[in-house]
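Here is the structure we will look at, set down as structure tokens.
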Amino acid sequence: MEIIILIWLALLSLLMIYSANIVIKLFSIKNRGLRQSIYDSLEASKKNSQEISALKSSLGEHESQSQNHFHKTALVRFNPFERMGGEQSHSLALLNDKNNGVVLTFLYTKEGVRTYVKEVLSGKGKEVELSKEEKEAIDLANQTKVKN
20 MEIIILIWLA LLSLLMIYSA NIVIKLFSIK NRGLRQSIYD SLEASKKNSQ
70 EISALKSSLG EHESQSQNHF HKTALVRFNP FERMGGEQSH SLALLNDKNN
120 GVVLTFLYTK EGVRTYVKEV LSGKGKEVEL SKEEKEAIDL ANQTKVKN
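Reminder that position 51 of the sequence shown reads as 70 in our numbering, one-by-one numbering, no gaps.
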């Protein structure tokens with residue numbers, strides 16, 4: 020029985036020495052393996068955090084700028100005159116999120132094409148009254164907003 024205990028103690032001692040050597044190798048100054056890896060990972064994490072903050076800031080700027088871009092569009096075709104068919108004339112509404120923008124109207128006549136541009140503020144004509152087709156184009160644009 021004493022021999023079994025001695026063998027058991029010898030095995031435990033060898034296991035402790037082996038474990039201690041592994042710990043010394045991992046954390047020794049000469050072999051900077053695990054310690055350096057942990058340090059490098061922490062530095063990379065700090066750098067990534069800074070880059071994420073910069074990207075969030077940039078994203079906020081782009082979102083505020085995109086409010087001025089056209090997000091809502093619609094095209095309405097119509098016949099302005101009874102004798103002309105084919106609905107060649109049309110109104111195109113280009114609006115941002117605040118319903119500001121322009122309405123382009125193209126009237127096709129026998130003499131040629133007339134183009135009108137009207138500024139839109141809050142969904143209404145700024146200086147000139149909008150035609151029913153232009154109002155219809157604005158209403159359609161509000162229903163068909165492009166998702167970001």
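We put the CB at the ideal spot given by N, CA and C, even for glycine.
What whole-angstrom Cβ distance do Phe97 and His109 have, given they're in contact under 8 Å?
Position 78 of the sequence shown, counting from 1, holds the residue named residue 97. Position 90 of the sequence shown, counting from 1, holds the residue named residue 109. Right, the Cβ-Cβ distance comes to about 7 Å (below 8 Å), so this counts as a contact.
Below 8 Å on the Cβ atoms is my guess for Asn169 versus Leu140; work out the distance and round it to an integer in Å.
In the structure as shown, the chain begins at 20 and stops at 167. Residue 169 is therefore absent and cannot be evaluated.
For the alpha helix (DSSP H) containing Lys155, name the first residue and the last one.
In the sequence shown, the residue the question calls residue 155 occupies position 136. Correcting the residue identity first, residue 155 is Glu in this sequence and not Lys. Run containing Glu155: 151-162, per the alpha helix (DSSP H) assignment.
Roughly how many angstroms lie between the CA atoms of Ser77 and Ile71, to the nearest whole one?
Taking the first residue of the sequence shown as 1, we reach residue 77 at position 58. Taking the first residue of the sequence shown as 1, we reach residue 71 at position 52. Answer to the nearest angstrom: the Cα atoms are 10 Å apart.
Give the single residue among Lys91, Ile24, Leu33 whose Cα lies nearest to the Cα of Asp116.
Locating residue 116 in the sequence shown gives position 97, counting from the first residue. Closest option to Asp116, Cα to Cα, is Lys91.
Following the continuous beta strand (DSSP E) through His88, name the residue where it begins and the one where it ends.
Residue 88 sits at position 69 when you count from the first residue of the sequence shown. Per DSSP, His88 belongs to no beta strand (DSSP E) and is neither H nor E.
By DSSP, does Ser108 sit in helix, in strand, or in coil?
As a working note, residue 108 is residue 89 in the sequence shown. In this structure, Ser108 counts as strand in the three-state DSSP scheme.
According to DSSP, is Val42 helix, strand or coil?
Here the question's residue 42 lines up with position 23 in the sequence shown. Helix.
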